[in-house]
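For reference, the structure is listed below as structure tokens.
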Amino acid sequence: MKFELTRRRFLIGSSVAATGLLTGCDALVENASVNDILQKAEALTMGSQRLLQAHEPLAREFTEADLSPTFKANGTQMPDSEDYARLMEGSFADWRLVVNGMVRTPLSLSLADLKAMPSRTQITRHDCVEGWSAIGKWTGVPLGLVLQKAGLAPGARYAVFYCADEYEKSLDGSGQYYESIDLVDAYHPQTILSYSMNGKDLEVAHGAPLRLRVERQLGYKHAKYLMRIELVDSFKGVWGGKGGFWEDRGYEWYAGI
Amino acid sequence: MTSVTDHEPARPKKILFYRHSFAVRLTHWLNVLCLSFLLMSGLQIFNAHPDLYWGQYGADADHSFISIGAVSDGDTIKGITRVGSISIPTTGVLGASTVDGELTPRAFPSWTTIPSYQDLASGRRWHFFFAWFFVINGFVYLLYGLIAGHFRRDIVPTKDQLTPQHLAHEIGEHARLRFPKGEEARRYNSLQKLTYMAVIFILLPLMVLTGLTMSPGFNSIFPWLLDVFGGRQSARTIHFITASLLVAFVVVHLVMVLVSGVWNNLRSMITGYYGLTVDTDKEAAK
Chain A
1 MKFELTRRRF LIGSSVAATG LLTGCDALVE NASVNDILQK AEALTMGSQR LLQAHEPLAR
61 EFTEADLSPT FKANGTQMPD SEDYARLMEG SFADWRLVVN GMVRTPLSLS LADLKAMPSR
121 TQITRHDCVE GWSAIGKWTG VPLGLVLQKA GLAPGARYAV FYCADEYEKS LDGSGQYYES
181 IDLVDAYHPQ TILSYSMNGK DLEVAHGAPL RLRVERQLGY KHAKYLMRIE LVDSFKGVWG
241 GKGGFWEDRG YEWYAGI
Chain B
1 MTSVTDHEPA RPKKILFYRH SFAVRLTHWL NVLCLSFLLM SGLQIFNAHP DLYWGQYGAD
61 ADHSFISIGA VSDGDTIKGI TRVGSISIPT TGVLGASTVD GELTPRAFPS WTTIPSYQDL
121 ASGRRWHFFF AWFFVINGFV YLLYGLIAGH FRRDIVPTKD QLTPQHLAHE IGEHARLRFP
181 KGEEARRYNS LQKLTYMAVI FILLPLMVLT GLTMSPGFNS IFPWLLDVFG GRQSARTIHF
241 ITASLLVAFV VVHLVMVLVS GVWNNLRSMI TGYYGLTVDT DKEAAK
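Those sequence lines, one after another, are chains A and B.
Residue numbering for the first sequence follows this note's numbering, beginning at 1 and increasing consecutively.
Residue numbering for the second sequence follows this note's numbering, beginning at 1 and increasing consecutively.
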């Protein structure tokens, strides 16, 4: 029998083929061993960037003229908890930043304590993983100075940042926002705990009273609403074990690209 | 029926000649694989923020230069693609397309992205894996091209191919879809060579450099790239436009492969051997 390729058959055939290809691609995306292979690229990216960053270069700093007219607020814009509401009502006078874990002297710092420490002001670009960028002016305490004050215990490798906001509602608290960076980024001069944006106290939408700035990485690393910094030798035991809220949901821990 | 003469007339003879080296064939097909996945994962990433800006910064409140979005239209939605101040309705393909039987806001449709559904984290994972693969493959090709003389021999046009008369002749021939035959088919024609040069030495390196300019980590290493492209958001826009030019190149490339002898072209890029017809007396005179 002769097979005639009619328009109808062609359309059916090509849509079946296209659906097959698509489901095939989606199955590959969801395949665990495929993901293991693809994830190797993250180590390659981090390794090569760290190699080329051996001289500790700074992220570009801009001028006042370059500031974004509107700095987009992203992620949580108002933490939904009674504790946070109470702190906010008291203008964060009762708020404390706890620094603990693998440190010699655990700290509990008020906003006034942090503001009394040496500060750094920088006008930098914030890059969201989605693709947009905004330029803002940040003032805060270099994280390195806070870590120096606490004194790291031997074996400490990462700083884990616990936030006041629950970005995804959950029963077990696994939707709580958190982040982590290693000591290379923690001691970088532009890594600051920022309490001021564009010359004013940090707004709630941008993470009041304190947020992290880790300028050579993407926006999701810049944890807002900081409550506690814990020094650890591994973040495997924290929530999903991948080192951050978005990392637990499939994003790279090293967000330099 | 026919009279036999003393001299055999020049009879066209089919020969196979070795056109593509193993290195060229291998890097070509790996490049096909890389660019396919880079395009589909790139569109997935684009869909996370389907607006392109010019300059150092750009977000929702800033003026975008290209935008692919959806607007509500009564009970339903309309896809709108805007370039500068020109808006074009693109419902069904760009801005709004069918997902599970329902018209949904989506910059690029699900059949163009990997995965087919919205998943930025997976899109990035695929994009960066194949970006590394592409860069390594590209370096192998560039090294081979330089060392083995592939660029000098096959890609750079010769003097006689660059005369205005020759170029005008080739443009005319291309417009009629007539391609060089016989001895002349042993080498790429000048339009082909110039196009390949633009792709190899301009478009593909531009993809890598604009891609790297979007990386905040890389910005601290080579900040001058930000000045070259006029900022991270400009680099993102150039990345998108260059990718579009590459897609246009691939479309034309495939059409040319089809109309200039699809089996012969495919065989040469798989086995290396390209068939052509030569005059036997010319062959003998050589």
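Where a beta carbon is used, it is the ideal one built from N, C-alpha and C, also for glycine.
For C163 (chain A), the enclosing beta strand (DSSP E) starts and ends at Y158 to E166. Leaving aside the five residues that flank F108 (chain B) on each side, the residues in its chain whose CB is nearer than 6 Å to its CB run, in chain order, L43 and N47. Proximity of C163 (chain A) to chain B, defined by a Cβ-Cβ separation below 9 Å, is not satisfied.
If you check each beta-carbon in the stretch 208 to 235 of chain B against every beta-carbon of chain A, the ones closer than 9 Å belong to G211, L212, M214, S215, P216, G217, F218, N219, S220, I221, F222, P223, L226, G231, R232 and Q233. Residue pairing of R106 (chain B) in beta bridges, as defined by DSSP: B:G95. Only residues of its own chain outside the window of five on either side were considered, and among them L38, S41, G42 and I45 have a CB closer than 7 Å to the CB of H127 (chain B), listed in chain order. Listed in chain order, the positions of the stretch 34 to 54 of chain A with a beta carbon within less than 8 Å of a beta carbon of chain B are N35, I37, L38, Q39, K40, A41, E42, L44, T45, Q49, L52 and Q53.
Residue pairing by DSSP places L21 (chain A) in no beta bridge whatsoever.
The C-alpha of F201 (chain B) lies about 16 Å from the C-alpha of S190 (chain B). Each residue's CA atom was taken as its position, placing L111 (chain A) and G58 (chain B) some 32 Å apart.
Taken through DSSP and simplified to helix, strand or coil, V184 (chain A) comes out as helix. Its chain contains no residue whose beta carbon lies nearer than 8 Å to that of S33 (chain A) once the 5 sequence neighbours on both sides are disregarded. The stretch 224 to 236 of chain A and the stretch 96 to 113 of chain A touch, with three or more beta-carbon pairs separated by less than 8 Å.
For a Cβ distance threshold of 7 Å, residue set Q56 of chain B lies close to D66 (chain A), ordered along the chain. Taking R19 (chain B) as the centre and dropping the five residues before and after it, the same chain places the C-beta of S268 and Y274 closer than 6 Å to its C-beta, in chain order. For the stretch 106 to 126 of chain B, residues whose beta-carbon sits nearer than 8 Å to a beta-carbon of chain A comprise S110, W111, I114, P115, S116, Y117, D119, L120, A121, S122, R124, R125 and W126. Within chain A, no C-beta atom comes less than 8 Å from the C-beta of D100 (chain B); the nearest is roughly 12 Å away.
Per DSSP, reduced to three states, the secondary structure at Y196 (chain B) is helical. Closer than 9 Å to the CB of A186 (chain A) there is not a single CB belonging to chain B.
Fewer than three beta-carbon pairs drawn from the stretch 183 to 195 of chain A and the stretch 232 to 249 of chain A are found closer than 8 Å, and the two stretches are therefore not classed as touching.
Following the DSSP letters along the chain, one finds T242 (chain B) inside the alpha helix (DSSP H) bounded by residues R232 to V259.
Secondary structure of P205 (chain B) (DSSP, three-state): helix. The beta carbon of I68 (chain B) sits no closer than 9 Å to any beta carbon of chain A. No Cβ of chain A is located within less than 9 Å of the beta carbon of F65 (chain B). Residue-level contact check: I45 (chain B) touches chain A, since one or more beta carbons of chain A fall below 9 Å from its beta carbon.
Sequence-distant partners of Q77 (chain A) (beyond 5 residues in either direction) whose C-beta falls short of 6 Å from its own C-beta, in its chain, are A205. The C-beta of F128 (chain B) comes closer than 9 Å to at least one C-beta of chain A.
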